[in-house]
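Peer 1:
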Ligand code: 13P
Ligand code: ZN
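Numbering (our numbering), first residue to last: 7 to 277.
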């Protein structure tokens with residue numbers, strides 16, 4: 007039986023966290039990341055678990071009973087994750103009612119899972135029910151996406167149209183579009199519930215004046231979505247700041263060609 011520190015999923019988690027830190031998306035303790043651990047991965051490391059007390063989640067996640075998650079700790083800095091994973095991260099187990107969790111590894115100097123645990127678990131639950139392979143939930147604070155939320159109307163149709171239209175890769179990465187929510191208190195149940203409603207439709211949601219919330223099958227998909235959307239938001243900010251109107255842009259007919267060529271299932275309302 008292996009140690010948690012040697013587990014491939016922990017190494018992939020830490021690499022994504024480190025890359026995201028270097029992208030500038032995680033000032034101070036900003037952002038959080040969680041991974042729904044596969045059964046075979048748990049079997050490889052469970053000998054090193056040391057279960058703590060059961061605690062109330064504050065919401066019911068029946069669809070996640072018996073699941074284990076690797077989760078960033080509240081108040082922990084992404085900058086420090088690779089330096090000492092067992093301090094910044096923890097593994098939690100969900101009980102048979104879906105209403106309680108206990109820590110089984112990590113947070114070694116004290117600590118608890120992210121304050122956005124509601125949002126992470128509620129969204130893992132709905133994503134798992136739609137796509138069993140979806141295992142990563144990620145929240146970050148990227149500058150250009152936040153800046154755009156101060157400039158564009160907080161409407162998924164407007165954001166999707168603008169982001170799709172500025173860079174060809176965007177509709178390939180988020181063919182269902184992107185959700186947008188108004189400002190809601192961070193870490194609140196209300197934010198989790200509002201996000202769930204959007205995550206039923208979109209793989210990524212913008213939290214106005216705050217950041218982005220993303221789901222993915224794996225770390226590459228979650229990181230890639232974050233990167234593509236933030237890069238497109240940066241190009242859009244540059245175009246808006248230049249004061250120059252767009253001269254051309256991708257036409258509706260070209261979007262349709264892209265949709266056919268890559269079999270994306272793009273919704274026509276955003277073209
Ligand atoms: P945590 O440190 O509790 O994860 O909170 C960071 C954050 O970005 C809240 O939205
Ligand atoms: Zn945040």
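Cβ coordinates follow ideal geometry from the N, Cα and C atoms, glycine included.
Quick caveat: nothing in here was measured; it's all calculated off a predicted structure.
With three or more beta-carbon pairs closer than 8 Å as the criterion, would you say the region 147-161 touches the region 233-252?
Peer 2: The answer is yes - the region 233-252 touches the region 147-161, with three or more Cβ pairs under 8 Å.
Peer 1: Alpha carbons only, please: which of 84, 48, 59, 63 is nearest the one belonging to residue 28?
Peer 2: With distances taken between Cα atoms, residue 28 lies closest to 84.
Peer 1: How about residue 106 and residue 62: do their beta carbons lie closer than 7 Å?
Peer 2: Yes, these two residues count as a Cβ contact at 7 Å.
Peer 1: What span of residues does the beta strand (DSSP E) with residue 39 cover, start to end?
Peer 2: Segment 38-42, the beta strand (DSSP E) holding residue 39.
Peer 1: Check whether the Cβ of residue 217 sits closer than 6 Å to any heavy atom of the ligand ZN, and report yes or no.
Peer 2: Answer for residue 217: yes, Cβ within range of the ligand ZN.
Peer 1: Can you tell which of 221, 139, 271 has the C-alpha that lies nearest to the C-alpha of residue 177?
Peer 2: Ranking the options by Cα distance to residue 177, first place goes to 271.
Peer 1: At 3 residues or longer, what runs of the beta strand (DSSP E) sit wholly inside the region 19-73?
Peer 2: Listed in chain order, the complete beta strand (DSSP E) runs (minimum 3 residues) inside the region 19-73 are 38-42.
Peer 1: In whole angstroms, what separates the C-alpha of residue 186 from that of residue 201?
Peer 2: Going from the Cα of residue 186 to the Cα of residue 201 covers about 9 Å.
Peer 1: Using CA atoms only, rank isn't needed, just tell me which of 166, 41, 250, 77 is closest to residue 275.
Peer 2: Measuring from the Cα of residue 275, the nearest candidate turns out to be 166.
Peer 1: Taking the alpha-carbon of residue 192 as reference, which of 104, 214, 109 has the nearest alpha-carbon?
Peer 2: Nearest C-alpha to residue 192: 214.
Peer 1: Under DSSP, the beta strand (DSSP E) around residue 187 begins and ends at which residues?
Peer 2: 185-187 is the extent of the beta strand (DSSP E) around residue 187.
Peer 1: When you compare each of 52, 81, 160 to residue 44 by their alpha carbons, which one comes out closest?
Peer 2: Here the closest residue by C-alpha is 52.
Peer 1: Comparing alpha-carbon positions, which option in 190, 232, 216 lies nearest residue 209?
Peer 2: Looking at the Cα atoms, 232 is the closest of the given residues.
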